[in-house]
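**Student:** Here it is, the structure in full.
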Amino acid sequence: MLRKFKKMQQRAIIDSIPMQRIGRPDEIAHHVLYLVQANYVTAEIITVDGGRSLTLADGHI
């Protein structure tokens, strides 16, 4: 998905992620598998975004 952005836009996206990288498909799959196998977990939102949702508007945690 990142390939459709220009290099400068890609850098801005990556810079906004505290882990400083885009998540790999296997990392997302790991959490999907957990939800499929977790019988007692219901109506839960698990954010897998490298900490990006924890950043404030100015880019700091």
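Following our numbering, the numbering of the sequence shown begins with 35 at its first residue and continues without gaps.
Where is the CB? At the ideal position from N, CA and C, for every residue including glycine.
Here the structure is a predicted model, which means the values were calculated and not measured.
1) Taking the straight line between their C-alpha atoms, what separation do you get for Gly85 and Leu67?
2) Could you tell me the boundaries of the alpha helix (DSSP H) in which Glu61 lies?
3) Out of Gln54, Arg55, Met53, Glu78, which one is the CA nearest neighbour of His65?
4) Rounded to a whole number of angstroms, what is the C-alpha to C-alpha distance between Val82 and Met42?
**Tutor:** Quick answer:
1) Cα to Cα, the separation comes out at about 20 Å.
2) Its alpha helix (DSSP H) spans residues 59–71.
3) Selected option, being the one with the closest Cα: Glu78.
4) So the alpha carbons of these two residues sit roughly 24 Å apart.
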